[in-house]
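Asks:
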Amino acid sequence: MRVKVDPTDAVKEFADFSRRMQQGRDLLDKTRDEDVKIATTPKTEVFRQDKTVLYRYDAVAKKQSISTPVLVVYGLVGRYTMADLQEDRSLVRNLLAQGVDLYVVDWGTPTRIDRWLTLEDFIDGYLGECVDYIRREAGVDKVSLLGICEGGVFTICYAARNPDKVKSLVTTITPVDFHAGSKGAPLHHGLIGLWARSMAPEDVDRLVEANGNLPGELMSFVFSLMTPMNALTKYNVGLFDVMDDQKKLLNFLRMEKWLADRPDHPGEAAKQWLKNLYQDNQLVKGEFTLDGEKVNLKRITMPVLNIFAEEDHIVPPKSSRALKGQVGTKDYTELALPGGHVGVFVSGKSQGILGKNIFGWLKSHS
Amino acid sequence: MKGFEQQSNEWLKFWNENQKSLFQAWSEGKPSPFAMHGEPPPGTEVMSDLMKRSMEDWASLAKDAWAQGGKFDPAAMRKLFDPAEWKRAGSHFDMGLEKLTEGPTYATLWDLDKKMLNTQKLWVERARDVEHYWEVIQAAWSRALERFMKQLSDPKAEPIKSGRQMLDAWLATANGALLEMHRSKEFLEAQRRMTRSSTEYRLAEREIAEAFCEMHHIPTRSEMDEVQRVVTELRREIRAMKRVKAPAAAASRKAPAKRRRK
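Residue numbers (our numbering), protein chains in the order written: chain P, 14 to 379; chain H, 6 to 267.
#1: Would I320 (chain P) and A173 (chain P) be called neighbours here (beta carbons separated by less than 7 Å)?
#2: Expressed to the nearest angstrom, what Euclidean distance is found between the alpha-carbon atoms of Q233 (chain H) and R128 (chain P)?
#3: Quick check: is the beta carbon of H192 (chain P) nearer than 7 Å to any beta carbon in chain H?
#4: Against D134 (chain P), what residues of chain H qualify as contacts under a CB-to-CB distance less than 9 Å, listed in chain order?
#5: Would you say I223 (chain H) reaches chain P, if we count a Cβ-Cβ gap shorter than 7 Å as a contact?
#6: In whole angstroms, what separates the C-alpha of L303 (chain P) from that of F153 (chain H)?
#7: Taking only runs of the alpha helix (DSSP H) that begin and end inside the stretch 140–185 of chain H, which ones reach a length of at least 4 residues, in chain order?
#8: Output yes if chain H places a C-beta closer than 7 Å to the C-beta of E300 (chain P); else output no.
#9: Between which two residues does the beta strand (DSSP E) holding K180 (chain P) run?
#10: Going by C-alpha distance, which of H:K161, H:D118, H:L122 and H:Q196 is nearest E140 (chain H)?
#11: In chain H, what lies closer than 9 Å to H354 (chain P) by C-beta?
#12: DSSP three-state label for S237 (chain P), please.
#13: Within the continuous alpha helix (DSSP H) that includes Y171 (chain P), where are the two ends?
#14: Pull up the distance between the alpha-carbon of C218 (chain H) and that of K119 (chain H), whole angstroms please.
#15: Under 7 Å, Cβ to Cβ, is there at least one residue of chain H near A223 (chain P)?
#16: Given that a residue counts as buried once 16 or more other Cβ atoms are within 10 Å of its Cβ, and exposed if not, what is G152 (chain P)?
#17: Check T21 (chain P) in the structure and name its three-state DSSP category.
#18: Nearest to R240 (chain H) by alpha carbon, out of P:V18, P:K64 and P:T53?
#19: Using a beta-carbon distance cut-off of less than 8 Å, what residues from the stretch 202–215 of chain P approach chain H?
#20: For a contact meaning CB atoms closer than 8 Å, what does T246 (chain P) contact in chain H?
#21: Secondary structure at D134 (chain P), three-state DSSP: helix, strand or coil?
#22: Beta-carbon of L150 (chain H) versus every beta-carbon of chain P: anything under 7 Å?
#23: For R45 (chain P), name the three-state secondary structure that DSSP assigns.
#24: Which residues in the same chain have their Cβ closer than 7 Å to the Cβ of T81 (chain P), if we skip the five residues on either side of it in sequence?
#25: Measuring alpha carbon to alpha carbon, tell me which residue in P:A72, P:Y87, P:V73 and P:D29 is nearest P276 (chain P).
#26: Put Q364 (chain P) into one of helix, strand or coil per three-state DSSP.
#27: Any idea if I223 (chain H) is buried or exposed, counting beta-carbon neighbours within 10 angstroms, 16 or more meaning buried?
#28: Does the separation of the CB atoms of L130 (chain P) and F167 (chain P) fall below 7 Å?
#29: Compute the beta-carbon to beta-carbon distance between S332 (chain P) and V189 (chain P), rounded to the nearest angstrom, for a pair I have assumed lies under 8 Å.
#30: Is it right to say H221 (chain H) is buried, meaning 16 or more other beta carbons lie within 10 angstroms of its own, or is it exposed?
#31: Any heavy atom of the ligand MG closer than 6 Å to the Cβ of L227 (chain P)?
#32: Measure the alpha-carbon distance for H187 (chain H) versus S211 (chain P) and round it to whole angstroms.
#33: Could you tell me which chain P residues have their CB closer than 8 Å to the CB of R133 (chain H), listed as they occur along the chain?
#34: Per DSSP, what are the beta-bridge partners of Q62 (chain P) in this structure?
#35: In chain order, what are the residue ranges of uninterrupted alpha helix (DSSP H) at least 4 long that sit wholly in the stretch 244–270 of chain P?
#36: Can you give the Cα-Cα distance for L238 (chain P) and A209 (chain P), rounded to whole angstroms?
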């Protein structure tokens, strides 16, 4: 038998457990909702269309360092608040501190009425309107786009369809080849793709027909399949591990707050996302169409910075790196960061690296 | 004016009474009390036969419950009233239900009844798929436990010296087993089937809700979806028109001065 627990050590371990529990309970008792607020960087609503809101972050630096405004675009699976989780873990604050004129698009909270919205509505419609607003208000011809995950796909498509309006393109943790990256990778990598492809196209249609949208809870469940024991034990083992350290505890709670805020994905757009991209891999094949027109990635002629996470289990690195062979520009830079899909944005380790590299690259291409 | 609750109760009463008469009529081989006068429509005999057989199945199960010399048999009784028993593939009720829902359709005749039966059939399918899904998951937990026990008894492995080490070892083992299962064809297929049958059940439920809505002059989900579709399309058109109009308007204005932050 491998178990060789010394009785003295066992008593010590139990005493330590009790102490930690007590400290944790005291800390949790003291914690209030305002302590775990996320996305607190001050910003002002500047444009609104239907549920989409464009915010401009209030300047922090004395001087604007880059003349071209940058628009942060998150996807519909989750919220942009991840880029501004807390003061010391915020890409937004890092860029503002460097003097970047920063905007973010918030898609709002889709409900059943939004089920008919397509990817065209989001990319050509709302995103297009936001870009035009910034161009108009800032008096510039072009803006820089910073896409995150599904938002990265939106920015890729927008840039390919409107190269004359995009100064430079930064994509982060963005899937491009939706079938790449699970071969030979750790077991939990690429499970989303496997799940999406396990369904028949008509399964997706019926799911959307019954629910109107792709329920956020369903996506949360699918994400939890990738880290099953962590998902099952995070409120006992996971919480216990951080509960006697206030900083770690607040980090944990803020992250949970972001995870719990998963909106429904508008139905028709979800069908395109799951069937055309995840199942048929049309983007990388050059077959993906928006408004009846093929999205030609060769039309991406502006400079591109493509950032991926080395341990990304949701968007495997190979899936992101496929962009390299697809774009029409020679000014293509790749940056691999340590950490997982979300970790790139919220871990203390990658914080400095991410903001610093994006700013450096934007500055050198301004 | 009658209150909504009272109206609903009356509707339910009406529905129950008619349902009772309908089943009664089927079992006796007579036309439905909802139906027209005169000869029973073609297919009525088939329906009546199926209904009879379903009732006979139930009677035979009921008989089994007291089979042992008039003694009450709790196991057989449990079987009789256990919904899990009804959802077993190829069971008496399952087959009867299948045949009833696949019976002939006569315009709007028995439409709501068919919808109700179809929903019941889909509920059975859903319950069966959920059960199978949990069977697949349970098998992975058993594998995890088996592996963990093997690890614990491995004399060559590093000794486990604390409760936490033991917990971590269990979590790592279980995580591996669950991940293997999540990637397996068996799990993906079980999950797909469960999602699909839950979806179909939900849609069938909607059909019944819509029948109720129509009866009470309430807009249905499908109608609301249609309205929302029109609104989305109109909004899309307005956005497109504004986009066409905007460059023309901008050209007629003086170009704005480049705005900078101070």
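Just so you know, even glycine gets a beta-carbon here, dropped at the ideal spot from N, CA and C.
Replies: Taking the coordinates as given:
#1: Not closer than 7 Å, so no.
#2: 8 Å
#3: no
#4: T237, R240, R241 and R244
#5: no
#6: 51 Å
#7: none
#8: no
#9: It spans V179 to T185 - the beta strand (DSSP E) in which K180 (chain P) sits, taken as one unbroken run.
#10: H:Q196
#11: The premise fails here: H354 (chain P) is roughly 16 Å from chain H at the closest Cβ pair, so nothing lies under 9 Å.
#12: helix
#13: E163 to R174
#14: 17 Å
#15: yes
#16: exposed
#17: helix
#18: Of P:V18, P:K64 and P:T53, the residue nearest in Cα terms is P:K64.
#19: L204, L207, W208, S211, M212 and A213
#20: L176
#21: helix
#22: no
#23: Correct three-state label for R45 (chain P): coil.
#24: V153, K155, V156, S157, K180 and S379
#25: P:Y87
#26: Reduced to three states, the DSSP call for Q364 (chain P) is helix.
#27: Result: exposed.
#28: no
#29: 6 Å
#30: Counting Cβ neighbours within 10 Å, H221 (chain H) comes out exposed, since fewer than 16 surround it.
#31: Only the bare structure without any ligand can be found here, which leaves the ligand MG out of the picture.
#32: When rounded, the distance between both Cα atoms is 11 Å.
#33: Within chain P, no residue comes near R133 (chain H); the closest Cβ sits about 17 Å away, beyond 8 Å.
#34: P:T65.
#35: Within the stretch 244–270 of chain P, the complete alpha helix (DSSP H) runs of at least 4 residues are 252–255.
#36: 13 Å
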